[in-house]
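In my numbering, the protein residues as written are 12 to 286.
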């Protein structure tokens, strides 16, 4: 039997590590190739391609490395984890420049990899970008996640989105740092509410920010489930990927213990269409 080959882009991050763990558990014989921006080998991968940033031209650089390793690419799935863009302001205030810069990291390389390697499946990650709290601070990242949803819905047989609840990670920590800075000079009513609640919370901002996000998730989704809400953990992302790999639906959502699948866009504000 032929060994299945997978590419995990961004293997050292939370999503990347959860993906590698999931793939190894699901298919112990899988050959996992991963990329990293550093020159440190990625844990649990079979081959690490070093110094690979999520920028246009990524697929060509990966192709060249694979040729050097004499490995013909034949990916069963490409798992794309990079997500970087300007945050700390309302999504609908994103400028064309901010959107373009975010898409050039968080979305365009995904399209390029899919076109270059034509895997059986391409998987990307998303978030609850349309909830009231994220609408107020997710910035141009919200547009990238919206584009990702549209991308998956266009071809559900070959494209999947794993949508996950908020969990502690370097990127969430980064968002919280930017947001804390932005709040000091905002006039946005939602951010002013967040600022006021933080000032009355007696918590460090990172702890407050996570609690704030978790509270919004619970309020929005608890009514759909009998089991109580719990915050999402890294292992939940692995559960989401495992389901996505076998799913006929384009979007698999994991939120704590809860799981559901979607075949259409969530109910988002109509102004998203302008992007």
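The beta carbon of each residue, even a glycine, is placed where N, CA and C say it ideally should be.
Between residue 206 and the rest of its own chain, which residues show a CB-CB distance below 6 Å, the 5 nearest in sequence each way excluded?
Taking the first residue of the chain shown as 1, we reach residue 206 at position 195. Counting only residues of its own chain and dropping the five nearest sequence neighbours on each side, residue 206 has a CB closer than 6 Å to the CB of 194.
Going by DSSP, name the residue or residues bridged to residue 216.
Within the chain shown, numbered from 1, the residue matching residue 216 stands at position 205. Under DSSP, residue 216 shares a beta bridge with no residue.
Could you give the distance in angstroms between the alpha-carbon of residue 274 and the alpha-carbon of residue 188?
Within the chain shown, the letter at position 263 stands for residue 274. Within the chain shown, the letter at position 177 stands for residue 188. Cα-Cα distance, rounded: 34 Å.
Alpha carbon of residue 282 to alpha carbon of residue 139, nearest angstrom:
As a first step, residue 282 is located in the chain shown; it is residue number 271 there, counting from the start. As a first step, residue 139 is located in the chain shown; it is residue number 128 there, counting from the start. Spanning the two alpha carbons is a distance of roughly 16 Å.
Quick check on residue 279: does DSSP put it in helix, strand or coil?
By 1-based counting over the chain shown, the position of residue 279 is 268. Residue 279: coil per DSSP, three-state reduction.
Beta carbon of residue 279 nearer than 7 Å to that of residue 141:
Mapped onto the chain shown, residue 279 falls at position 268. Mapped onto the chain shown, residue 141 falls at position 130. By the CB criterion at 7 Å, residue 279 and residue 141 fall inside the cutoff.
Can you give me the Cβ contacts of residue 199 inside the same chain, cut-off strictly under 7 Å, excluding the 5 residues immediately before and after it?
Residue 199 sits at position 188 when you count from the first residue of the chain shown. Non-local C-beta neighbours of residue 199 in its own chain, meaning closer than 7 Å and more than five positions away in sequence, comprise 101 and 147, ordered along the chain.
What is the rounded straight-line gap between the Cα of residue 156 and the Cα of residue 137?
Taking the first residue of the chain shown as position 1, residue 156 is located at position 145. Taking the first residue of the chain shown as position 1, residue 137 is located at position 126. Rounded to whole angstroms, residue 156 to residue 137 spans 6 Å at the Cα level.
Let's see if you can read the secondary structure: which residues bound the beta strand (DSSP E) around residue 48?
Locating residue 48 in the chain shown gives position 37, counting from the first residue. Element bounds for residue 48: n/a, residue is neither H nor E.
First through last residue of the beta strand (DSSP E) which encompasses residue 91
The sequence position of residue 91 within the chain shown is 80, counting from 1. Its beta strand (DSSP E) spans residues 86 to 91.
Take residue 54 as the anchor and find which of 14, 35 and 220 has the nearest alpha-carbon.
The count along the chain shown starts at 1 and reaches residue 54 at position 43. Nearest of 14, 35 and 220 to residue 54, Cα basis: 35.
Please confirm whether residue 169 and residue 261 have their CB atoms less than 7 Å apart.
Counted from its first residue, the chain shown places residue 169 at position 158. Counted from its first residue, the chain shown places residue 261 at position 250. No, these two residues do not count as a Cβ contact at 7 Å.
Judging by CA-CA distance, which residue of 48, 103, 57 and 120 is the nearest neighbour of residue 286?
Mapped onto the chain shown, residue 286 falls at position 275. It is 103.
Out of 42, 62, 92 and 85, which has the shortest C-alpha to C-alpha gap to residue 29?
For the purposes of this step, residue 29 is taken as the residue at position 18 of the chain shown. When only C-alpha atoms are compared, the closest one is 92.
Would you mind working out which of 154, 134 and 89 sits nearest residue 113, comparing C-alpha positions?
On the chain shown, position 102 is the one that residue 113 refers to. Selected option, being the one with the closest Cα: 154.
Residue 237 in three-state terms, based on DSSP
Here residue 237 corresponds to residue number 226 of the chain shown, with the count starting at 1. The answer is coil: DSSP assigns residue 237 none of H, G, I, E or B.
Taking the alpha carbon of residue 68 as the reference point, which residue from 124, 90 and 180 has its own alpha carbon closest?
The residue labelled residue 68 in the question sits at position 57 within the chain shown. Out of 124, 90 and 180, 124 has the C-alpha closest to the C-alpha of residue 68.
Alpha-carbon to alpha-carbon, residue 71 and residue 14
What you label residue 14 is simply residue 3 of the chain shown in a count that begins at 1. What you label residue 71 is simply residue 60 of the chain shown in a count that begins at 1. Roughly 24 Å between the two C-alpha positions.
For the candidate residues 152, 218, 80 and 82, whose alpha-carbon lies nearest to that of residue 108?
Counting from 1 along the chain shown, the entry for residue 108 is found at position 97. Residue 152 is the option with its Cα nearest to residue 108.
So, residue 243 versus residue 178, is the Cβ gap smaller than 7 Å?
Position 232 of the chain shown holds residue 243. Position 167 of the chain shown holds residue 178. Yes, the Cβ-Cβ distance between residue 243 and residue 178 is below 7 Å.
Could you give the DSSP three-state label for residue 186: helix, strand or coil?
The residue labelled residue 186 in the question sits at position 175 within the chain shown. Residue state, collapsed to three classes: helix.
Rounded to a whole number of angstroms, what is the C-alpha to C-alpha distance between residue 106 and residue 81?
Numbered from 1 along the chain shown, position 95 holds the residue referred to as residue 106. Numbered from 1 along the chain shown, position 70 holds the residue referred to as residue 81. Between residue 106 and residue 81, the C-alpha separation is close to 43 Å.
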